[in-house]
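Engineer: Residue numbers (our numbering): 54 to 585.
By construction, the Cβ of each residue, glycine as well, lies at the ideal position given by its N, Cα and C atoms.
Written out as structure tokens, the structure reads:
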């Protein structure tokens, strides 16, 4: 058995979460090794919905536009009652974070794109057909016993290990972490089709106690159906060709087209009791299992990767102490569980137990259409929990948690750059590090009142001035700052940050609001946090 030199980060599992983490770490200049027991990335359809936060993480990795070219972009949902009449519609129009709130994709294409993306980095390696069969932690690092496809083994040492190895997660068992939550009693049949004849581009949700189901459009004329099994139905019965033909006949024009996959699933709402143990971190399904009714399972895993990647990079690059890694456990579980709860609530809407409940549900939603704020709450998908943290690696400003800008994801507007007068999404200007943003009408004096920042050089802090949309000319800015114009006024609308400087983390969350009047206390608190 051979032993290798120590790798900074080893990722176990080459699914979308593991490959996303590898791309982000590589973008932050961290060498990575990915170990995957299968011979290739996944080939069969799995997750089909990607949201704006996930596309933003892909944008940081430089892959968002490539994936979007392969997606069915920006679609909503129509909820149908037992009579197949629509009673509610979800059709969000806002793109606060720079991308549509909901789009359809194919997981095999995403994984292939992420694997191909790693070829951009000389210090990223993927090892297929290798399985981790043992794990020990000692002296601040992790030793993995890895078995090759020929049965031989070797020892692989790593400073940190990310377990992205799925819902059954062997690594989670190796570090003795349990799961809490519950499993749904009812099973569901998943049918993936190729060459759909149905041109309807919205998701149909059948809220019918006789057979709850979902009909989801996908890219390249693909389509997915999900149907709940009824009492007494068996896996063998519902996957029989005749049974599936009848289901498709009853739900559109796709009877007889190519079936790519048919499988019965059991859904879970569960979460790991710990997301970090020593130098091992749990991400994706290894940390949380989300019912599919909101399409958030994979998206939550990609959020895990975005959150952890820059923290590992900051420690390994010597910018921060390992204490920052504790904030992964502080920040991610709360938001992930909020999305699990949202999925549970949507599942209850989709699965009324009786015809009476189905008709009452339909009547209730029709009544909400008469109340504009309630109607917009549904149509604009405002029931989805905002990306924000109540605790973690931040400096609080004393404002109410519902009003504070700290701990929230920064909006991503379109901005115009001074040097070429072209429009860009804001993140393409921010880059991969920390940024200090001033929303200002006077870029030439935007940072004059800012005291020295002891951490500025160590963090490689980038200063950015954003001018209001009504500016056609760019006032002269200090040479150390980049000036852009808020093209549509979205940044000003969503932040109203004229009174503060915004310190923004690499994952696009606001770490601190430094008051422009009396900033010394906030700077001192930031210095303590960054040096602890």
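Using a Cβ-Cβ cutoff of less than 8 angstroms, which residues in the same chain neighbour residue 119 once the five nearest sequence positions on both sides are dropped?
Structural biologist: Counted from its first residue, the chain shown places residue 119 at position 66. Taken in chain order, the residues that qualify are 166.
Engineer: From this set, 280, 438, 90 and 124, which residue's C-alpha is nearest residue 392's C-alpha?
Structural biologist: Indexing the chain shown from 1 puts residue 392 at position 339. Ranking the options by Cα distance to residue 392, first place goes to 438.
Engineer: Inspect the beta-carbon positions of residue 334 and residue 355 and report whether they are closer than 8 angstroms.
Structural biologist: By 1-based counting over the chain shown, the position of residue 334 is 281. By 1-based counting over the chain shown, the position of residue 355 is 302. It is not a contact, given that the beta carbons lie outside the stated cut-off.
Engineer: Using 8 angstroms as the threshold, is the C-beta distance between residue 400 and residue 562 below it?
Structural biologist: Numbered from 1 along the chain shown, position 347 holds the residue referred to as residue 400. Numbered from 1 along the chain shown, position 509 holds the residue referred to as residue 562. Contact: no.
Engineer: Tell me the residue span of the beta strand (DSSP E) that contains residue 70.
Structural biologist: Position 17 of the chain shown, counting from 1, holds the residue named residue 70. Premise fails: residue 70 lies in the alpha helix (DSSP H), 69-80, not in any beta strand (DSSP E).
Engineer: At what residues does the alpha helix (DSSP H) containing residue 265 begin and finish?
Structural biologist: Along the chain shown, read from residue 1 onward, the residue named residue 265 stands at position 212. It is not in any alpha helix (DSSP H) - residue 265 carries neither H nor E in the DSSP assignment.
Engineer: Which term fits residue 385, buried or exposed, when burial requires 16 or more other beta carbons within 10 angstroms of its beta carbon?
Structural biologist: One-based indexing of the chain shown puts residue 385 at position 332. Buried.
Engineer: So what's residue 183 in DSSP terms, helix, strand or just coil?
Structural biologist: For the purposes of this step, residue 183 is taken as the residue at position 130 of the chain shown. Residue 183 falls in the strand class under three-state DSSP.
Engineer: Could you tell me whether the segment 282-298 touches the segment 222-233, using the rule of 3 or more Cβ pairs below 8 angstroms?
Structural biologist: Touching, no, given that fewer than three Cβ pairs across the two stretches are closer than 8 angstroms.
Engineer: Can you grab the Cα-Cα spacing for the pair residue 213 / residue 332, in whole Å?
Structural biologist: Locating residue 213 in the chain shown gives position 160, counting from the first residue. Locating residue 332 in the chain shown gives position 279, counting from the first residue. The alpha-carbon atoms of residue 213 and residue 332 are separated by roughly 5 angstroms.
Engineer: I need the straight-line Cα distance from residue 554 to residue 534, nearest angstrom please.
Structural biologist: Stepping through the chain shown from its first residue, residue 554 is reached at position 501. Stepping through the chain shown from its first residue, residue 534 is reached at position 481. Residue 554 and residue 534: Cα-Cα distance of roughly 13 angstroms.
Engineer: Out of 109, 573 and 125, state which residue places its alpha-carbon closest to the alpha-carbon of residue 254.
Structural biologist: Within the chain shown, numbered from 1, the residue matching residue 254 stands at position 201. That would be 125, whose Cα lies nearest to the Cα of residue 254.
Engineer: Taking only three categories from DSSP, how would you classify residue 316?
Structural biologist: Taking the chain shown and counting its residues from 1, the one referred to as residue 316 is at position 263. Note: residue 316 maps to strand in three-state DSSP.
Engineer: To the nearest angstrom, report how far apart residue 234 and residue 342 are at their CA atoms.
Structural biologist: The sequence position of residue 234 within the chain shown is 181, counting from 1. The sequence position of residue 342 within the chain shown is 289, counting from 1. About 9 angstroms.
Engineer: Just verifying my parser: in three-state terms, what is the DSSP assignment at residue 578?
Structural biologist: Numbered from 1 along the chain shown, position 525 holds the residue referred to as residue 578. Residue 578: helix per DSSP, three-state reduction.
Engineer: Please give the ranges of any alpha helix (DSSP H) in the segment 439-501, keeping only runs that are unbroken, at least 4 residues long and fully inside the region.
Structural biologist: Whole alpha helix (DSSP H) segments, 4+ residues: 479-483.
Engineer: If you reduce the DSSP assignment to three classes, tell me which class residue 138 lands in.
Structural biologist: What you label residue 138 is simply residue 85 of the chain shown in a count that begins at 1. The answer is coil: DSSP assigns residue 138 none of H, G, I, E or B.
Engineer: What residue from 349, 302 and 296 has the CA that sits closest to residue 592's CA?
Structural biologist: No answer is possible for residue 592: the residues shown for the chain start at 54 and end at 585.
Engineer: Under a Cβ-count criterion, where at least 16 other Cβ atoms within 10 Å of its own Cβ denotes burial, should residue 570 be classed as buried or exposed?
Structural biologist: Along the chain shown, read from residue 1 onward, the residue named residue 570 stands at position 517. So residue 570 ends up on the exposed side.
Engineer: Alpha carbon to alpha carbon, how far is residue 170 from residue 115?
Structural biologist: Position 117 of the chain shown holds residue 170. Position 62 of the chain shown holds residue 115. Straight-line Cα distance between these residues: approximately 9 angstroms.
Engineer: Give every residue of the same chain whose Cβ lies closer than 8 angstroms to the Cβ of residue 164, excluding the five residues on either side of it in the sequence, and list them in chain order.
Structural biologist: As a working note, residue 164 is residue 111 in the chain shown. So the list reads 67, 68, 69, 72, 94 and 95, once near-sequence residues are dropped.
Engineer: Taking just the CA atoms, how far does residue 470 sit from residue 518?
Structural biologist: Position 465 of the chain shown, counted from the first residue, corresponds to residue 518. Position 417 of the chain shown, counted from the first residue, corresponds to residue 470. Spanning the two alpha carbons is a distance of roughly 11 angstroms.
Engineer: Given a threshold of 16 other Cβ atoms within 10 Å of its Cβ, counted over all protein chains shown, does residue 145 qualify as buried or as exposed?
Structural biologist: Numbered from 1 along the chain shown, position 92 holds the residue referred to as residue 145. By the neighbour-count rule (16 or more Cβ atoms within 10 Å), residue 145 is buried.
Engineer: Count the other C-beta atoms from every protein chain shown that fall within 10 angstroms of the C-beta of residue 298, then say buried if there are 16 or more, exposed otherwise.
Structural biologist: Mapped onto the chain shown, residue 298 falls at position 245. Label assigned to residue 298: exposed.
Engineer: Run through the segment 146-228 for me and flag every whole beta strand (DSSP E) of 3 or more residues, listed as ranges in chain order.
Structural biologist: As far as the segment 146-228 is concerned, its whole beta strand (DSSP E) runs of at least 3 residues are 155-157, 177-180, 183-191, 194-201 and 206-216.
Engineer: Under a Cβ-count criterion, where at least 16 other Cβ atoms within 10 Å of its own Cβ denotes burial, should residue 352 be classed as buried or exposed?
Structural biologist: In the chain shown, residue 352 corresponds to position 299, counting from 1. By the 10 Å Cβ count, residue 352 comes out buried.
Engineer: Can you tell me which of 157, 136 and 209 puts its alpha carbon nearest to the alpha carbon of residue 64?
Structural biologist: The sequence position of residue 64 within the chain shown is 11, counting from 1. Among 157, 136 and 209, the Cα nearest to that of residue 64 is on 209.
Engineer: Let me check one thing: in DSSP terms, what residues is residue 565 bridge-paired to?
Structural biologist: Position 512 of the chain shown, counting from 1, holds the residue named residue 565. Beta-bridge pairing links residue 565 to 556.
Engineer: Please state if the CB of residue 318 and the CB of residue 243 are separated by a distance shorter than 8 angstroms.
Structural biologist: As a working note, residue 243 is residue 190 in the chain shown. As a working note, residue 318 is residue 265 in the chain shown. Their beta carbons are under 8 angstroms apart, which means residue 243 touches residue 318 by this criterion.
Engineer: In this structure, does DSSP put residue 256 in helix, strand or coil?
Structural biologist: For this step, residue 256 is matched to residue 203 along the chain shown. Here residue 256 sits in strand by DSSP.
Engineer: Using the rule of at least 16 other Cβ atoms within 10 Å of the residue's Cβ for burial, across every protein chain shown, is residue 549 buried or exposed?
Structural biologist: Translated into the one-based positions of the chain shown, residue 549 becomes position 496. Flag for residue 549 reads exposed.
Engineer: Assign residue 234 to one of three DSSP states: helix, strand, or coil.
Structural biologist: Sequence index remark: in the chain shown, residue 234 carries index 181 (1-based). Strand at residue 234.
Engineer: Which residue marks the beginning of the beta strand (DSSP E) containing residue 326, and which one marks its end?
Structural biologist: As a working mapping, residue 326 is identified with position 273 in the chain shown. Element bounds for residue 326: n/a, residue is neither H nor E.
Engineer: For residue 238, which option in 453, 281 and 273 has the closest C-alpha, if you only look at C-alpha atoms?
Structural biologist: The sequence position of residue 238 within the chain shown is 185, counting from 1. Residue 281 is the option with its Cα nearest to residue 238.
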